[in-house]
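The structure under discussion appears below in the form of structure tokens.
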Amino acid sequence: NAGVMQNPRHLVRRRGQEARLRCSPMKGHSHVYWYRQLPEEGLKFMVYLQKENIIDESGMPKERFSAEFPKEGPSILRIQQVVRGDSAAYFCASSPQTGAGDTQYFGPGTRLTVL
Amino acid sequence: AQTVTQSQPEMSVQEAETVTLSCTYDTSENNYYLFWYKQPPSRQMILVIRQEAYKQQNATENRFSVNFQKAAKSFSLKISDSQLGDTAMYFCAFMKSGGSNYKLTFGKGTLLTVNP
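Taken in order, these protein sequences are the chains called F and A. For the first sequence, my numbering assigns the number 1 to the initial residue and increments by one for each residue that follows. For the second sequence, my numbering assigns the number 1001 to the initial residue and increments by one for each residue that follows.
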């Protein structure tokens, strides 16, 4: 059973460009979470999605960031007009169901570098 | 809001010895879940162990065990017979229980180095 897949693993963008990060959850999982890890920090929650629904985006910056999880295909985290402060590792996690402390399984992360 | 504190930024241990990583948390909740995740140099986040707060028995997974002290809000991780492959950053994490609670709150991590 393949784990959570993320691509690309490394992404380099210049300031002002767009970054698209993809996440395919584990088979049978319909809940996706995105976290951001800044250097020397723990992971911080950004957004929680189910198929075609954003459930909670309270951790996501209001501007330039968006996320989706379409009926078909991977979840996408999109960052428009990237700035140097967006440089971080972005992790996706998935779970089969939510609530009751359901364990979240993480992908390998995408390391975004903004020049 | 919940907070998770890992007071040891770095630790080291000799191969085959035992090491304990500390974690404390602050919450007003009575029911919740606690996790330890490992992040080796590959940066992959790997679940090590989880504990339900309503369970008094400490969770164990092979060489990994926890000492869960609910009253003290402490959740330490013990690694027995340390191996070189245990070298990693270890994160303690908290999740509220029930309803639509799903956010993991992480500590800043402890970098563990296992020396040969």
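Backbone N, C-alpha and C fix where the C-beta goes; we use that ideal spot for every residue, glycine too.
Within the 7 Å Cβ cut-off, does residue i reach chain F?
i       : result
K1103/A : yes
G1107/A : yes
F1091/A : yes
Taking residue i as the query, report the chain F residues whose CB atoms sit under 7 Å from its CB, ordered along the chain.
i       : result
L1112/A : What L1112/A touches in chain F: nothing, since even the nearest Cβ is about 15 Å away.
Should residue i be flagged as near chain A, meaning a C-beta pair shorter than 7 Å?
i      : result
P108/F : yes
Residue i lies in the beta strand (DSSP E); which residues open and close that run?
i       : result
F1091/A : A1088 to K1096
H10/F   : H10 to R13
F69/F   : Taken as a continuous stretch (DSSP letters only), F69/F belongs to no beta strand (DSSP E), as it is neither H nor E.
T1003/A : T1003 to T1005
E1010/A : E1010 to Q1014
E1052/A : I1046 to E1052
Name the chain A residues that come within less than 7 Å of residue i, Cβ to Cβ?
i      : result
T103/F : L1047 and R1050
List, in chain order, every chain A residue whose beta-carbon is nearer than 9 Å to that of residue i.
i    : result
A2/F : Simply none; closest approach about 14 Å.
Can we say the stretch 1080-1088 of chain A touches the stretch 1011-1026 of chain A, given the rule of at least three CB pairs closer than 8 Å? yes
Residues in the stretch 39-68 of chain F with C-beta within 9 Å of chain A's C-beta atoms, listed in sequence order? E40, E41, G42, L43, K44, F45, Y48, I55, D56, S58 and G59
At least 3 beta-carbon pairs within less than 8 Å: the stretch 19-27 of chain F vs the stretch 42-51 of chain F: no
Along the stretch 1038-1056 of chain A, where does the CB come closer than 8 Å to a CB of chain F? Name the residues. S1042, R1043, Q1044, M1045, I1046, L1047, R1050 and E1052
Could you name the residues of the stretch 80-93 of chain F whose beta carbon sits closer than 7 Å to any beta carbon of chain A, in the order they occur along the chain? A89 and F91
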